[in-house]
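Each protein sequence line maps, in turn, to chains Y and V.
Sequence positions in the first sequence follow our numbering and run 1 to 401.
Sequence positions in the second sequence follow our numbering and run 402 to 802.
Protein chains: 2
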Amino acid sequence: MKIAVLGYGTIGSGVVEVLETNKESISKRAGEEISVKYVLDLRDFPGNPIEDILVHDFATIAEDEEVGCVVETMGGTEPAYSYVKECLLRGKSVCTSNKALVAKHGAELLEIARQKKINFLFEASVGGGIPIIRPLNESLTSEQILEINGIVNGTTNYILTKMSREGATFEAALKEAQNLGYAERNPEADVEGHDAGRKLAILASLSYGKQVDFEDIYMEGITKITDTDFKYAEVLGAEIKLLAQGKMVDGNFYAMVAPKMIKEENPLYSVRGVFNSILVKGNTLGEVMFYGSGAGKLPTASAVVADVIEATKHQGQNIVTIWSNKKLEPANHDEMENSFFVRVPAADAAKAKEVFGDIAEVSANVAGEFAFVTKKMTEKAFEEKAACMTVLNRIRTEWEA
Amino acid sequence: MKIAVLGYGTIGSGVVEVLETNKESISKRAGEEISVKYVLDLRDFPGNPIEDILVHDFATIAEDEEVGCVVETMGGTEPAYSYVKECLLRGKSVCTSNKALVAKHGAELLEIARQKKINFLFEASVGGGIPIIRPLNESLTSEQILEINGIVNGTTNYILTKMSREGATFEAALKEAQNLGYAERNPEADVEGHDAGRKLAILASLSYGKQVDFEDIYMEGITKITDTDFKYAEVLGAEIKLLAQGKMVDGNFYAMVAPKMIKEENPLYSVRGVFNSILVKGNTLGEVMFYGSGAGKLPTASAVVADVIEATKHQGQNIVTIWSNKKLEPANHDEMENSFFVRVPAADAAKAKEVFGDIAEVSANVAGEFAFVTKKMTEKAFEEKAACMTVLNRIRTEWEA
């Protein structure tokens, strides 16, 4: 099997490295040798061993019939989408780590692969090195998926862990994440929850077999979480995690990325630092969880290479993936039921008790504040009640008052 | 696809139930309807809906060419082995939850399936409903597996959790597990570690592609763990877990089932009650963990049904599984390196310090005892030193003094 790698950045170079490091065992698993015939990049890499196979022109790869599988690790939707589509139309399987591409064009690209009897695989697009796409597609097939809950963004989980463990402020934790290379200089996609939203769109599309559009997902980031919130979380025995949640309730599909307070009973509670974890609840299976390195050069590359091996094992045959282009629209977010941890100025305590009624007070010795956890209610009902007072912050909770 | 179910016990009836409950989504995933044509059991089930399809004679199933897939949930090696082998030789795929059968005859049965272009699948044989077999075989294929650590027996984990959380004695915790149906009246296979050993044999055989014999694995159960040990564990911030461990160290393969003290950093630390979890360490991937219900009627049946769906999707084509009959023999257990938590009578304290040298003392206010954690040493070296004193108990630790 001769392959080409589009993009020699972190993941692309990782793919070349994993293929080299584990050459022998990979050949054994794949049933034949896998070798890299081309690497596509706009840059030159003088002195790098890949120099001999480096090309700058995509056409060289597209037109070479010897290339049976293409790895796409460029990121973004263009030119990735055009390149990937052309490869598939020319009968080359594609393995990608590109969540933006998969979230947006997954249904279409899978359909082309099906028609061409080849494969479009994207294990690395969610959860880095954690096997989650293939288990959803091939192992949890006997289930009706009731709920997915995932910590799918390592950057924000690193920041929240830092705040929880060391009492750091959001700003300080973000800065450290940037210094360590865990967060980008423009961290918006991570801290505003968009990265997690794209991953949730992919997981939900696969779970329900329909297209869940990223833009339809309710997304809230972690920029409003403060060190004061964590003081209360500690008293409550809770962690604050950025959860990507998709669930079916009475035939309605809800999809949300937002910070949530969870307790020890939730297996996601102890997922720390840059690790990712995805909890899936099925109607007969109960809960299963997948945990591991959600990002990083080699773990992500390892998942891409596993896809290349699957593509090699399945030449001439398409691995069935149920993801139609029929849209699955999330139900109205206003109608979603949640309970909330709420902080108001001490002056609003009486008002809060009056308006929210049945609440559980929380004391963390924060001067001038009154804090509590509410009963479950719709998002709309919460917003209406919250409008009657000054809300310093509110975070959804896994338990009600 | 018409299937037959061999054995209408807990798992077998669960398979029929899952197929019925999720009929629609299963047909969609499998690409065709899956229906149960026969159930084989020696017993009669008057009034049960399966009465009409119940048969007592295996030959009816074996000789019916319409049956394309057979589910084996009888347990034990005979007659399961003879039945499964005959089905495979007659061109029927087989899906089984039977760990004893798979651990002993996996290599041979996989080879028959390969030759016949059908499938022998056993996702439910380890970890109940947790996807672990297929991920090892199809997702972690780009890895060299350095280590597997699993909590793969729910009964013992329930007992140890009870002892840890409530200070129960082993006897009391076992009794409660029996009352709740988590432990059998003869609990030997669970509490002596044999069940975990069979599962480790399967996981290791798949990870390294060679036959690991159950009988070659060093196995220690949990019957010697006392409530006093848990007093020390609490002081140490540790949990005591029955771990099934397989690892490669400098080309030597070590396999062991034994209780071990682990700390919070280990993701297995927070696996409680009857849950199972398997942590896999790869050379480029780092650690990934799979967590969920390790037993139970519906979760286990769900995994069997997922296999039936895979068999249906792969008619006429064999899913490559690397597991040769070439033996992988564990290295000499005496040479394995471990560190130990050790309790001796107070009178032996001086002796212990002299013999073990560099140790970390542990005080849990237990009268008349001296306890400590050792440096890492070979099992043989430990045994020699321990022979110089009265050892009340010793448990391997994840960390050294």
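Think of the CB as a built atom: it goes at the ideal place given N, C-alpha and C, for glycine as much as any other residue.
1) With 9 angstroms as the C-beta to C-beta threshold (strictly closer), list the residues of the segment 285-296 of chain Y near chain V in chain order.
2) Can you tell me whether F45(Y) is buried or exposed? The criterion is at least 16 other CB atoms within 10 Å of its CB, across all chains shown.
3) Hey, V677(V) and G555(V): beta-carbon distance below 8 angstroms or not?
4) In the segment 116-150 of chain Y, which residues sit with their C-beta less than 8 angstroms from some C-beta in chain V, listed in chain order?
5) Using a C-beta cutoff of 8 angstroms, does N684(V) count as contacting chain Y?
6) Residues in the segment 18-32 of chain Y with C-beta within 7 angstroms of chain V's C-beta atoms, listed in sequence order?
7) Report the CB separation of F691(V) from F122(Y) in whole angstroms; it is logged as a contact under 8 angstroms.
8) Going by DSSP in three states, G530(V) sits in which element: helix, strand or coil?
9) For the alpha helix (DSSP H) holding K297(Y), just list the boundary residues, first then last.
10) Let me know if E749(V) comes out buried or exposed under the rule of 16 or more other beta-carbons within 10 Å of its beta-carbon.
11) Could you give the first and the last residue of the continuous alpha helix (DSSP H) run that contains S164(Y)?
12) In the DSSP output, what is R198(Y) paired with across the bridge?
13) Check P49(Y) in the structure and name its three-state DSSP category.
14) Consider the Cβ of A707(V): report whether some Cβ of chain Y lies at a distance smaller than 8 angstroms.
15) Near G598(V), which residues of its chain fall below 8 angstroms by C-beta distance, leaving aside the five closest residues on each side in sequence?
16) Whose C-alpha, out of V71(Y), F370(Y), T60(Y) and D52(Y), is nearest the C-alpha of E310(Y)?
17) Return the chain-ordered list of same chain residues with a C-beta closer than 7 angstroms to the C-beta of E665(V), the five sequence neighbours on each side being excluded.
18) I want to see whether chain Y comes within less than 8 angstroms of I398(V), judged by CB atoms only; does it?
19) Take the Cβ of H457(V) as the centre, count every other Cβ of all protein chains shown within 10 Å, and call the residue buried at 16 or more, exposed below.
20) Assess contact between the segment 99-119 of chain Y and the segment 265-273 of chain Y, defined as three or more Cβ pairs (one per stretch) separated by less than 8 angstroms. Is contact present?
21) In whole angstroms, what separates the C-alpha of K117(Y) from that of S703(V)?
22) Any idea if N137(Y) is buried or exposed, counting beta-carbon neighbours within 10 angstroms, 16 or more meaning buried?
23) Reducing DSSP to helix, strand and coil, say where A352(Y) ends up.
24) Short of 7 angstroms Cβ to Cβ, which residues in the segment 255-267 of chain Y face chain V?
25) If you compare alpha carbons, which of G31(Y), M389(Y), Y182(Y) and S293(Y) is closest to I130(Y)?
26) Within this structure, are the beta carbons of Y439(V) and I427(V) separated by less than 8 angstroms?
27) So that I know if they touch, is there some Cβ in chain Y lying closer than 8 angstroms to that of A702(V)?
28) Give, in chain order, every unbroken run of the alpha helix (DSSP H) that is at least 4 residues long and sits entirely within the segment 345-394 of chain Y.
29) Rounded to the nearest angstrom, how far is the Cβ of G477(V) from that of A501(V), given a contact under 8 angstroms?
30) In the DSSP output, what is S339(Y) paired with across the bridge?
31) The beta strand (DSSP E) that contains F290(Y), what's its start and end?
32) Who are the near neighbours of G683(V) in its chain, counting only those whose CB is closer than 7 angstroms to its CB and skipping five residues on each side?
33) Mapping DSSP to helix, strand and coil, what is V212(Y)?
34) Please tell me whether E400(Y) and K375(Y) are closer than 8 angstroms, where the distance is taken between their beta carbons.
35) Would you give the residue range spanned by the alpha helix (DSSP H) that T497(V) belongs to?
36) For the putative contact between L680(V) and P668(V), defined by C-beta atoms under 8 angstroms, what is the C-beta separation to the nearest angstrom?
By the coordinates alone:
1) For the segment 285-296 of chain Y, which is checked against every Cβ of chain V, the residues closer than 9 angstroms are L285, G286, E287, V288, M289, F290, Y291, G292, S293 and G296.
2) F45(Y) is exposed by the Cβ-count criterion.
3) The sequence as given places Asn at residue 677(V); Val does not occur at that position. For N677(V) and G555(V), yes; Cβs fall inside 8 angstroms.
4) Going along the segment 116-150 of chain Y in chain order, one finds E123, G129, I130, P131, R134, P135, E138, S139, L140, T141, S142, E143 and Q144 with a Cβ nearer than 8 angstroms to chain V.
5) Interface residue (Cβ-Cβ distance to chain Y less than 8 angstroms): N684(V) is classified as such.
6) For the segment 18-32 of chain Y, residues whose beta-carbon sits nearer than 7 angstroms to a beta-carbon of chain V comprise V18, T21, N22, S25, I26, K28, R29 and G31.
7) With a contact defined as Cβ atoms closer than 8 angstroms, F691(V) and F122(Y) miss out at about 20 angstroms.
8) Residue state for G530(V) is assigned as coil, using DSSP reduced to three classes.
9) Its alpha helix (DSSP H) spans residues K297 to K313.
10) Correcting the residue type first, residue 749(V) is Asp in the shown sequence and not Glu. Burial of D749(V) is indicated by the presence of at least 16 other C-beta atoms within 10 angstroms of its C-beta.
11) Here the alpha helix (DSSP H) through S164(Y) covers G154 to E166.
12) According to DSSP, which records beta bridges pairwise, R198(Y) is partnered with nothing at all.
13) Here P49(Y) carries a helix assignment [DSSP, helix/strand/coil].
14) Yes, because at least one Cβ of chain Y sits closer than 8 angstroms to the Cβ of A707(V).
15) Counting only Cβ-Cβ distances below 8 angstroms, and skipping sequence neighbours, we find F615, I618, M620, A645 and V658.
16) Nearest to E310(Y) by alpha-carbon distance, out of V71(Y), F370(Y), T60(Y) and D52(Y), is V71(Y).
17) Setting aside the 5 residues that flank it on each side, E665(V) is surrounded in the same chain by G638, each with a C-beta closer than 7 angstroms to its C-beta; the list follows chain order.
18) Since the first residue shown for chain V is 402 and the last is 802, residue 398(V) is missing from the structure and cannot be characterised.
19) That one is exposed.
20) The segment 99-119 of chain Y makes no contact with the segment 265-273 of chain Y, as fewer than three CB pairs between them are under 8 angstroms.
21) Computed Cα separation, rounded: 29 angstroms.
22) Result: buried.
23) DSSP places A352(Y) in helix when its eight states are reduced to three.
24) Residues P267.
25) Among G31(Y), M389(Y), Y182(Y) and S293(Y), the Cα nearest to that of I130(Y) belongs to S293(Y).
26) No, these two residues do not count as a Cβ contact at 8 angstroms.
27) Interface residue (Cβ-Cβ distance to chain Y less than 8 angstroms): A702(V) is classified as such.
28) Entirely contained in the segment 345-394 of chain Y, the alpha helix (DSSP H) runs reaching 4 residues are, in chain order, 349-356 and 379-386.
29) Yes, G477(V) and A501(V) are in contact; Cβ-Cβ is about 6 angstroms, under 8 angstroms.
30) S339(Y) is bridged to T397(Y).
31) F290(Y) -> beta strand (DSSP E) spans G286 to S293.
32) Correct list, in chain order: L541, E544, Q545, I546 and L547.
33) Three-state DSSP puts V212(Y) in coil, outside helix and strand.
34) In contact: E400(Y) and K375(Y) (Cβ atoms closer than 8 angstroms).
35) Segment S494 to T497 is the beta strand (DSSP E) holding T497(V); no alpha helix (DSSP H) there.
36) Rounded to whole angstroms, the Cβ separation of L680(V) and P668(V) is 6 angstroms, and the two are in contact under 8 angstroms.
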